[in-house]
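2 protein chains.
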Amino acid sequence: MTSSSATPAQQKRLIDPLAFLPCSTVTEYKKGKVIYEYGQACDALYLILSGTVKLSRIGDHGGQLLIDLYRTEEFFGDLALLNRSQAAEEASAFSPSTLMIWRTAEVEEIILARPQLAIALLQTFGQRSLGFTHRIESLCLEPIESRLARALIRFSDHLGARQPDGSVVMEPLTHELLSQYVGTSREVVTCHMMSLRRRGFLKYSRKMIVMYPDALKCWLEEKLKREN
Amino acid sequence: MTSSSATPAQQKRLIDPLAFLPCSTVTEYKKGKVIYEYGQACDALYLILSGTVKLSRIGDHGGQLLIDLYRTEEFFGDLALLNRSQAAEEASAFSPSTLMIWRTAEVEEIILARPQLAIALLQTFGQRSLGFTHRIESLCLEPIESRLARALIRFSDHLGARQPDGSVVMEPLTHELLSQYVGTSREVVTCHMMSLRRRGFLKYSRKMIVMYPDALKCWLEEKLKREN
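Which chain is which? The protein sequence lines are A and B, in order. Just so you know, we're using my numbering here: the first sequence kicks off at 122 and counts up by one. Just so you know, we're using my numbering here: the second sequence kicks off at 122 and counts up by one.
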């Protein structure tokens, strides 16, 4: 399991939860299929064996928030460990997905027998929590153009396949979905995506996105220097 | 340990990490004293025995972000469990504080002997992670006035002392600090604080804030209804 935010220098040693979890039930989900709904009972920890899972939430005002897209070898449903009777989010298969599922009570039993699993899970979810604070930082301190560039870099690192020429190919992300991640309207995302495309940082169609994340990172760094 | 975001109906049973942690070193910090700095080695878990601790970060562009203010009986420094060589945040005493400190290696040893501690920590930090996603939701979907009202309600629930008349008295929070939490300028916070004060939701001086959180919650709910 890798993290997109930690470099080898920052991170000495992380334990993989999979080393301590016995195999469990496997379920397949077609693209778009809801895994659990907002407000539904939520008492399981999920591991993505293949595919991509979308976690989202509907705000008090009806607006949609994209919490994140999780990929193969990542966990979700960790909030079940809080013993809440209702899910605070909705999970659905963003692409056809195969999931391994452990009931919360089962996870707690395994932890009592193999406490290393708990350290591994603390690290896994701690990493995610750190990612949330990075996102809060971006939302609080950056203009939308930078927030969008940062989101694209993150998704390409996280979900894309790097090609020999340094470009990254990934499944298309609609402007609507990106707007639910960076906190703006679809129209504003479209405007900035056109500008990033004109600058040569990405190409996109309905079938895929081709990104040049290294060039986009350089541009973002230069932009930060100019703004300071 | 209580949470401001979970109601009894949502939350069946949470374990208190303190039930499994042996006593450790106690250190006192004067108001404003730095506990650990951004980029400094970070290898301990801290429990606040008394006082309030401020966690903050400096963004890439030099802007300050207030991650949160933590109170008595709350933990911080949990990112040390990620075995990162450098702290991703700065911790300082917001008010005179007494802290109990466990080295990370020690926490991991205790977990191996008493795995219930790990379940308790998973729940404690899971709760915090859920709070971060609520904040991302507010930053993505709400106008600044609502974000500020929500932040004030949160801080008054979390740090204030409720009085018999339903008002909450709390230490003053500068407009600068609030702006670092809701992601805007000090000037914009001042403008909205004046408006909230005119509406009778709060009174503030350099010595304290007196808030009427129930009235502010009602106003926020009405505002949401009007905007939908």
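Even for Gly, the Cβ is constructed at its ideal location relative to N, Cα and C.
Close CB contacts of VAL310 of chain B within its chain, under the 6 Å cut and outside five residues either way in sequence, are with HIS296, LEU299 and SER300 (chain order). Along the region 157 to 189 of chain B, the positions whose C-beta sits under 8 Å from a C-beta of chain A are ARG178, GLY180, ASP181, HIS182, GLY183, GLY184, LEU186 and ILE188, read in chain order. Leaving aside the five residues that flank TYR159 of chain B on each side, the residues in its chain whose CB is nearer than 7 Å to its CB run, in chain order, ARG178, ILE179, ALA208, GLU210 and GLU211. Under the criterion of beta carbons closer than 8 Å, ALA270 of chain A and LEU341 of chain A qualify as touching, at roughly 5 Å.
In the three-state scheme derived from DSSP, where H, G and I count as helix and E and B as strand, PHE197 of chain A is classed as strand.
Secondary structure note for ASP189 of chain B: its beta strand (DSSP E) is the uninterrupted segment 185 to 191. For LYS344 of chain B, the uninterrupted alpha helix (DSSP H) segment begins and ends at 334 to 348.
Collapsing the DSSP output to three states places TYR302 of chain B in a helix. Scanning chain A for C-beta atoms nearer than 7 Å to the C-beta of ALA239 of chain B yields ILE232, PRO236, ALA239, ILE240 and LEU243, reported in chain order. ARG268 of chain A carries a helical assignment under DSSP once its states are collapsed to helix, strand and coil. Within the region 201 to 236 of chain B, the complete alpha helix (DSSP H) segments at least 4 residues long are 225 to 234, listed from N- to C-terminus. Cβ neighbours of SER306 of chain A within its own chain (closer than 8 Å, five residues either side excluded): SER300. With a threshold of 16 other beta carbon atoms within 10 Å, ARG320 of chain B falls short and is exposed.
Partner residues in the beta bridge of ALA282 of chain A, as assigned by DSSP, are A:VAL290. PHE253 of chain B places its beta carbon less than 8 Å from that of ILE257 of chain A. Neighbours of ALA209 of chain A in chain B, taken as residues at a C-beta separation under 7 Å, are given in chain order as LEU251. Residue-level contact check: PHE246 of chain B touches chain A, since one or more beta carbons of chain A fall below 8 Å from its beta carbon. Taking a Cβ-Cβ threshold of 7 Å, none of the residues of chain B is close to CYS339 of chain A; the smallest such distance is about 14 Å. The straight-line gap separating the alpha-carbon atoms of LEU337 of chain B and MET291 of chain B is approximately 16 Å.
Taking C-beta atoms under 8 Å as the contact rule, SER213 of chain B and GLY172 of chain B fail to qualify, at a distance of about 11 Å.
Neighbourhood of ASP199 of chain B in chain A, by CB distance below 7 Å: GLY247, in chain order. Listed by position along chain A, the residues whose Cβ is nearer than 7 Å to that of ARG256 of chain B are ILE257.
Residues of the region 288 to 319 of chain B with a Cβ closer than 7 Å to any Cβ of chain A, in chain order: GLY304.
Between ARG249 of chain B and ASP164 of chain B the beta-carbon gap is near 20 Å, outside 8 Å, which marks them as no contact. If you compare the alpha carbons of B:MET332, B:ALA241 and B:LEU139 with that of SER288 of chain B, the shortest gap goes to B:MET332. Annotation for ILE232 of chain A: LEU238 and ALA239 place their beta carbon closer than 6 Å to its own, counting only its chain and skipping 5 residues before and after.
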